[in-house]
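Residue numbers (my numbering): 4 to 242.
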């Protein structure tokens with residue numbers, strides 16, 4: 004089995020996904036989109052994984068040069084092979100399916116989610132194979148300032164107190180606004196790189212978040228393995 008992975012920046016790599024892939028004999032072919040790249044045909048792949056990144060899907064091509072290529076690939080393959088998008092990946096999926104993606108403005112203020120938050124599965128989310136054996140409420144890492152509307156024909160699967168649209172499904176494609184793949188080391192690196200963005204209109208204790216990432220690492224890895232195991236079930240149903 005092999006997955007094609009779209010990676011937007013060096014520090015937002017597959018993380019726990021890579022650990023799971025190695026353990027389950029899954030080959031990951033990573034397209035590093037910040038370098039000169041060539042996207043292969045997806046005809047020989049079992050799934051497409053789209054990672055996160057600092058770009059916004061509403062930004063111009065000079066800021067997000069791979070956007071149009073990614074949208075074309077998603078458009079050509081959605082409904083044909085399973086797709087799993089994290090954070091920016093979920094926004095790209097929503098955008099390709101015709102939904103709006105925009106900064107999360109609440110009462111005139113830009114509201115970010117940066118830390119570990121509790122999600123609530125909707126009734127449909129509790130019934131979906133991707134979240135099989137998940138509790139109704141569970142913690143995830145959030146790292147975003149943009150949100151999306153649910154595309155026409157898609158199903159809302161999860162919400163949080165600050166952001167109603169946290170996860171959706173469309174046929175065999177899934178958009179997750181949050182992260183399951185981040186290791187504690189990735190969290191620490193993300194803090195270093197995003198320091199200026201984090202502290203613009205947002206208060207956060209960096210040391211506390213790094214410690215929380217370490218404290219929750221076993222749970223996060225367990226949840227990522229469960230989600231990916233469920234995703235394999237979806238893939239095996241398709242093929």
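For glycine and all other residues, C-beta sits at the position ideal for the given N, C-alpha and C.
Query, Result
"Residues near residue 19 in its chain [Cβ-Cβ closer than 6 angstroms; skip 5 each side]", "184, 224 and 227"
"Beta bridge counterpart(s) of residue 170 as assigned by DSSP", "161 and 179"
"Supposed contact pair residue 104 and residue 94 - C-beta distance, whole angstroms, cut 8 angstroms", "5 angstroms"
"Pick from 7, 9, 15 and 5 that is closest to residue 191, judged by C-alpha positions", "15"
"Chain E within 8 angstroms of residue 158, Cβ atoms only", "Judged by its chain identifiers, the structure shown contains no chain E, having just a single protein chain."
"Straight-line Cα distance separating residue 121 from residue 163", "6 angstroms"
"Cross-strand partners of residue 89 (DSSP beta bridge)", "179"
"Residue from 197, 231 and 166 with nearest C-alpha to residue 25", "231"
"Residues bridged to residue 7 [DSSP beta-bridge criterion]", "32 and 51"
"Residue span of the beta strand (DSSP E) that contains residue 106, given as start and end", "104 to 106"
"As assigned by DSSP and simplified to three states, the class of residue 19", "helix"
"Top-ranked residue by Cα proximity to residue 238, from 66, 102, 177 and 146", "177"
"C-beta contact flag for residue 10 and residue 29 at 8 angstroms", "no"
"Classification of residue 86 by the beta-carbon crowding that lies within 10 angstroms, buried from 16 upward", "buried"
"Beta-carbon proximity check, residue 112 vs residue 204, cutoff 8 angstroms", "yes"
"C-beta atoms of residue 6 and residue 48 nearer than 8 angstroms", "yes"
"Residue environment, residue 149, which counts as buried when at least 16 other CB atoms sit within 10 Å", "buried"
"Residue burial classification, residue 37 (beta-carbon count within 10 angstroms, cutoff 16)", "exposed"
"Extent of the continuous alpha helix (DSSP H) run through residue 184", "Taken as a continuous stretch (DSSP letters only), residue 184 belongs to no alpha helix (DSSP H), as it is neither H nor E."
"Own chain residues within Cβ distance below 7 angstroms of residue 12, not counting five before or after", "37, 56 and 57"
"Nearest neighbour of residue 77, chosen from 42, 206 and 182 [CA to CA]", "42"
"Short Cβ contact (8 angstroms threshold) for residue 168 with residue 141", "no"
"Bounding residues of the alpha helix (DSSP H) (the contiguous stretch that carries residue 218)", "209 to 218"
"Other residues of its chain near residue 131: CB distance less than 7 angstroms, five sequence neighbours each side excluded", "160 and 172"
"Rounded C-alpha distance that separates residue 291 from residue 165", "Look at the range of the chain in this structure, 4 to 242, and you will see that residue 291 is not part of it."
"Inter-residue CB distance, residue 213 and residue 196 (contact presumed, cutoff 8 angstroms)", "That belief does not hold up - the Cβ atoms of residue 213 and residue 196 are roughly 14 angstroms apart, past 8 angstroms."
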